[in-house]
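Residue numbers (this note's numbering): 195 to 462. We put the CB at the ideal spot given by N, CA and C, even for glycine. Beneath this line is the structure, given in structure tokens, with notes to follow.
Structure representation (structure tokens):
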């Protein structure tokens, strides 16, 4: 009975995770679909009741929606020729003002030039605006709503999904922080990829995920050098709460291809 209860909880977590991806627009590749299907395949022979089979079917349905979202996500990225905004920003910062102006002039296609606006049309437009009654310009004041800051990835999400209990999460995070301090050995910074790498792909993903929490909760800082394609971790001797009032999002690819590349480099 205990085993069945654990299996039911795993399926409920998967359903909750899929719904969160669907409703919040999170990167659908955060869900390891292949691994989830493998778990479900192992559980199937253990189901006996109608409710258990229904829960199994619902999980499969949610995962299929995530796969659809993954397909749309890839199509969108490829159609927009996606580039890392940090790399683009760094390249722009290195350009001189004269070079930027020349690029702007080459790309600039003002509407006034395309539509061939004449002096006569300008005069007609001016006359139109001058003759409009003043009442047309009295707009109602819309209520101002201050937008909240973007949500940081937090342990609360994991606790809601029942992936961790709070004590377990804190203990795991502190252990991981001590490992970072030990590997840095007094150095100011350490290579991000050297720290998160593992010979096992699943461990590599878990280490990358935990590292994001180290940064979010002030156990470490992250330093990105996009022009050199380098990422560093700067460990903190004492956790410091992030001081940013408007946190930024940094996407670091940790897919299977990246892991294989890192593994191959270490065999040389």
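8 Å Cβ cutoff met for residue i and residue j
| i | j | result |
| --- | --- | --- |
| residue 229 | residue 215 | no |
| residue 407 | residue 375 | no |
| residue 234 | residue 254 | yes |
| residue 426 | residue 385 | yes |
| residue 382 | residue 428 | yes |
| residue 212 | residue 262 | no |
| residue 327 | residue 267 | no |
Chain-order list of residues whose beta-carbon lies under 6 Å from that of residue i (same chain, five-residue window excluded)
| i | result |
| --- | --- |
| residue 420 | 280, 281, 284 |
| residue 434 | 412 |
| residue 409 | 416 |
Secondary structure of residue i, DSSP reduced to three states
| i | result |
| --- | --- |
| residue 258 | helix |
| residue 289 | coil |
| residue 419 | strand |
| residue 391 | coil |
| residue 431 | coil |
| residue 488 | Because the chain here runs from 195 to 462, residue 488 falls outside it and cannot be looked at. |
| residue 252 | helix |
| residue 410 | helix |
| residue 424 | strand |
| residue 384 | strand |
| residue 326 | coil |
| residue 284 | helix |
| residue 222 | helix |
| residue 453 | helix |
| residue 447 | coil |
| residue 270 | helix |
| residue 300 | helix |
| residue 317 | helix |
| residue 210 | helix |
Anticipated Cβ contact below 8 Å, residue i with residue j, distance rounded
| i | j | result |
| --- | --- | --- |
| residue 227 | residue 257 | 6 Å |
| residue 240 | residue 199 | Incorrect: roughly 11 Å between the Cβ atoms, too far for contact. |
Best match in the options for proximity to residue i [C-alpha to C-alpha]
| i | options | result |
| --- | --- | --- |
| residue 432 | 399, 295, 383, 372 | 372 |
| residue 201 | 247, 296, 217, 379 | 247 |
| residue 206 | 297, 251, 218 | 251 |
| residue 395 | 244, 303, 293, 448 | 448 |
| residue 378 | 231, 414, 292, 365 | 414 |
| residue 370 | 318, 324, 430, 319 | 430 |
| residue 446 | 217, 418, 294 | 418 |
7 Å CB neighbourhood of residue i in its chain, flanking five on each side removed
| i | result |
| --- | --- |
| residue 220 | 214 |
| residue 390 | 398, 401, 402, 405 |
| residue 319 | none |
Cβ-based neighbour list, residue i, same chain, cut-off 8 Å, excluding 5 preceding and 5 following
| i | result |
| --- | --- |
| residue 387 | 425, 456 |
| residue 314 | none |
| residue 237 | 201, 204, 205, 250 |
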